[in-house]
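Visitor: What follows is a structure written as structure tokens; I'll ask about it next.
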Amino acid sequence: MVQFERLALCAVMIFAAVPALAQQAPTPFKPEQLSVKGAIDPGPNLLIHQQEWKGAGSTAVFSKDDLSFKGLMTAGNMAQMLVGVDGKTAYTQSTFMKRITYGDLEHVLQIFDIATLSPVKEVILPPKAAMSLGYAALLQQSADGKFVYVQNGTPASSVTVVDVTKAAVTQEIPTPGCWGIYPSSKGYKFTSLCGTGTVTTFNLTPAGTLADSAQSAKVFDPDKDPLYITSATAGDDRLFPSYNGSILRISDADKAAKLVESVKINEGIEGNWAPGGYAPMGYSEKTGVVFVGMHADAKNGSHKNAAEEIWAYDLKAKKLLSRTPVEHIMTITVTNDDVPVVFGLTEDPKVIRFTADPKAGFALNKTGEAKLTGYPYVAAVTP
Amino acid sequence: MNLFDSILERIDRLTERSTRTVAKTSGRRSFLARAGGMMLGGAMLPLLPFDRTFGQALAATPTDGDALTCEYWRYCALDGNLCSACGGSITQCPPGSEASKVSWVGTCRNPNDGKDYLVAYNDCCGKPICANSPSCLRSEGERPGYRMGLHNDINWCMANASKGYHCTVAILVGLAE
């Protein structure tokens, strides 16, 4: 009976539809128009520079929330990337050779509008910029965004100061024996890690020229327990991880930098765990939790081994809160949300998105992943 | 976890790390372990405590290991592609490329005689990255750029006219103290 009712219903529907189809005139074909999408979809972004050593690198833009892909900005060889303080501007410093691997060379600071993925300005730099794997500390900016600082390496070390409001270089500051740029939380000074285990503070004038510099006492041992050049801001201070698993907190408030404290996060843990990767640490300021990529059986030369776990460590309570197994992560970026989001860049390469669970010691739950290309070691988020 | 599982896990981890070392694709360089300071490729040889007796080991084709693999002992701090498998040799840049003017240094133990040697890693320049050859990432004694002579994340073609990174050689320049 039920079968009969279904057949009857179908028949009624078909008869009802036939007149409608018969009356419908054919829709004229309308050719599609080619256009260029004006801007990326709105919302907070995750920028990852996909470095190349044989041609154009690219800065990939993803949605911070779900890793949907929004597009690419272009750069030259061996680029460094920085997101401006306004969250709307991105910078790359990279190398352009006339014949790609040889010929006349330009080092260029490109200034991009993130919304349209387009370069809006560029500054030709002295041809000395460090041609290095991607590290955030090699391209930085003053707290107000007026100056961009470029790490040079010829191999002598210096920093080129660029006034981006004028798109002009103000000065090249020699920084002999030091590497990495760590701007102060206000004003125009930056510190740099030095091969003697000291930290040098370079104090600039409002015109972007060197006023004076000051060297700290020895704060780390570059032979026995070197510092990574990756860092995170903590209030007005800076955090640096060491090869052996200490987190050093360094203040630049005074004329010369000072060590505030050193906390060993792997004390008493079995398995000889240590940090590993290119940028193995990120800090969640609001929660006071530092996230560190760790590998087991650490030894001389393993400091770039990819992370097998990410440890969440409470810097105030000095307590290891959780250990999350992960897949070969080389770089960690942590957002400043109330509940931190952690992005990990892997060797494959790909980006993995995690949310931290405050009720489970900030253990990480994977919430997405996306494919990357090149050598992607620097990531940053926008509001 | 029982003992067997524990052993298997350890083997897995070791295998994974070894594979990763071979497969890793990065590239950059560094230099002089204890001597410090910058040096110029060939010009550094007379400056170092140079044991002439291992002239044999300086041969383009070494007989003390497989120089075509990342595991070869001289490559203990080499981040880059092997010139030995790219048309050059362990001490020679491939034809048509330029030898880098500056280099970084590793201190590597030769398992054949138990001695530690200073190894200069020069890049060869002016051509595309030689992805046809093994890409190695080993970092014994490696340090960030504040110890530039030991740093292997940077392009050591930086002081050449042609700055394109091609591949890396590993030259014995002295015995480590």
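Protein sequence lines, in the order shown, are assigned to chains A and B.
Under our numbering, the first residue of the first sequence is numbered 191, with each subsequent residue one higher.
Under our numbering, the first residue of the second sequence is numbered 4, with each subsequent residue one higher.
For glycine and all other residues, C-beta sits at the position ideal for the given N, C-alpha and C.
(1) Consider the Cβ of Pro131 of chain B: report whether some Cβ of chain A lies at a distance smaller than 8 Å.
(2) Could you tell me how far apart the beta carbons of Tyr149 of chain B and Gly385 of chain A are, in whole angstroms, since I believe they sit closer than 8 Å?
(3) Check whether chain A comes within 8 Å of Arg141 of chain B, counting only Cβ atoms and requiring the distance to be less than that.
(4) Can we say the stretch 253-269 of chain A touches the stretch 66-73 of chain B, given the rule of at least three CB pairs closer than 8 Å?
(5) Should Phe259 of chain A be labelled buried (16 or more other beta-carbon atoms within 10 Å of its own) or exposed?
(6) Measuring alpha carbon to alpha carbon, tell me which residue in A:Lys244, A:Thr395, A:Gly387 and A:Trp369 is nearest Lys376 of chain A.
(7) Suppose you measure from the CA of Ser374 of chain A to the CA of Ala333 of chain A; what does that come to, to the nearest Å?
(8) So with CB distances below 9 Å, who are the chain A contacts of Ala162 of chain B?
(9) Using a Cβ cut-off of 8 Å (strictly closer), state whether Gly385 of chain A contacts chain B.
(10) Does Lys260 of chain A come out as helix, strand or coil in the three-state DSSP assignment?
(11) Please specify which runs of the beta strand (DSSP E), each continuous and at least 3 residues long, are wholly inside the stretch 129-156 of chain B, giving them in chain order.
(12) Using the three-state DSSP reduction, which class does Ala407 of chain A fall into: helix, strand or coil?
(13) With DSSP run on the structure shown, which of helix, strand or coil describes Arg543 of chain A?
(14) According to the neighbour-count rule (16 or more other Cβ atoms, all chains shown, within 10 Å of its Cβ), is Gln283 of chain A buried or exposed?
(15) I'd like to check one pair, His297 of chain A with Met271 of chain A: are the Cβ atoms closer than 8 Å?
(16) Assuming contact is defined by CB atoms lying nearer than 8 Å, are Lys408 of chain A and Thr391 of chain A in contact in what I supplied?
(17) With 16 other CB atoms within 10 Å as the buried threshold, where does His493 of chain A fall?
(18) For Ser142 of chain B, is the classification buried or exposed, using 16 other Cβ atoms within 10 angstroms of its Cβ as the cut-off for buried?
(19) For Ala469 of chain A versus Tyr565 of chain A, is the C-beta spacing smaller than 8 Å?
(20) Give me whichever residues DSSP pairs with Ala319 of chain A in a beta bridge.
(21) Would you identify the three-state DSSP class for Leu424 of chain A, choosing helix, strand or coil?
(22) When you compare the CB positions of Ala397 of chain A and Pro366 of chain A, do they come within less than 8 Å of one another, or not?
(23) For the stretch 284-310 of chain A, which residues have a beta carbon sitting closer than 8 Å to at least one beta carbon of chain C?
(24) Inspect the beta-carbon positions of Asn456 of chain A and Ala446 of chain A and report whether they are closer than 8 Å.
(25) Who are the Cβ neighbours of Thr563 of chain A in its own chain at under 6 Å, not counting the five residues just before and after it?
(26) Excluding five sequence neighbours on each side, which residues of the same chain lie with their C-beta closer than 6 Å to the C-beta of Phe57 of chain B?
(27) Does the stretch 503-511 of chain A come into contact with the stretch 520-531 of chain A, if we say contact requires no fewer than three beta-carbon pairs (one atom in each stretch) closer than 8 Å?
(28) In the DSSP assignment, what residue or residues form a beta bridge with Leu554 of chain A?
(29) Buried or exposed for Glu101 of chain B, please, with buried defined as at least 16 other CB atoms from any protein chain shown within 10 angstroms of its CB.
(30) I'd like to know whether the C-beta atoms of Ser136 of chain B and Cys89 of chain B end up nearer to each other than 8 Å.
Guide: Quick look at the numbers:
(1) Chain A contact via Cβ: present.
(2) Yes, they are in contact, since the Cβ atoms of Tyr149 of chain B and Gly385 of chain A sit about 4 Å apart, within 8 Å.
(3) Yes, contact with chain A.
(4) As far as the Cβ criterion goes, the stretch 253-269 of chain A does not touch the stretch 66-73 of chain B, which means the pair count is below three.
(5) Under the 10 Å beta carbon count, Phe259 of chain A is surrounded by fewer than 16 other beta carbons and is classified as exposed.
(6) Measuring from the Cα of Lys376 of chain A, the nearest candidate turns out to be A:Thr395.
(7) Counting only the Cα atoms, Ala333 of chain A lies some 7 Å from Ser374 of chain A.
(8) When 9 Å is used as the limit between beta carbons, Ala162 of chain B is near these residues of chain A: Thr344 and Pro345, in chain order.
(9) Gly385 of chain A belongs to the set of residues whose beta carbon lies under 8 Å from a beta carbon in chain B.
(10) In the three-state scheme derived from DSSP, where H, G and I count as helix and E and B as strand, Lys260 of chain A is classed as strand.
(11) Segments of the beta strand (DSSP E) lying fully in the stretch 129-156 of chain B: 138-140.
(12) Ala407 of chain A falls in the coil class under three-state DSSP.
(13) DSSP, reduced to helix, strand and coil, places Arg543 of chain A within a strand of the structure shown.
(14) Within 10 angstroms of the beta-carbon of Gln283 of chain A lie 16 or more other beta-carbons, which makes it buried.
(15) Against a cut-off of 8 Å, the Cβ pair of His297 of chain A and Met271 of chain A comes out as no contact.
(16) The beta carbons of Lys408 of chain A and Thr391 of chain A sit no closer together than 8 Å.
(17) Under the 10 Å beta carbon count, His493 of chain A is surrounded by 16 or more other beta carbons and is classified as buried.
(18) So Ser142 of chain B counts as buried.
(19) When the beta-carbon positions are compared, Ala469 of chain A and Tyr565 of chain A stay at least 8 Å from each other.
(20) Partner(s): A:Asn342.
(21) It should be noted that the sequence gives Ala, not Leu, for residue 424 of chain A. Collapsing the DSSP output to three states places Ala424 of chain A in a strand.
(22) No, the Cβ-Cβ distance between Ala397 of chain A and Pro366 of chain A is not below 8 Å.
(23) Protein chains in the displayed structure are A and B, and chain C is not among them.
(24) In this structure, the beta-carbon distance from Asn456 of chain A to Ala446 of chain A does not fall below 8 Å.
(25) Hits under 6 Å: Gln240.
(26) Residue placement at Phe57 of chain B is poorly supported in this model, since its pLDDT is 40, which falls under 50; the coordinates still yield a value, given next. Taken in chain order, the list of residues that qualify is empty.
(27) No, the stretch 503-511 of chain A does not touch the stretch 520-531 of chain A.
(28) In DSSP, Leu554 of chain A forms a bridge with A:Ala546.
(29) Flag for Glu101 of chain B reads buried.
(30) The criterion of a C-beta distance shorter than 8 Å is satisfied by Ser136 of chain B and Cys89 of chain B.
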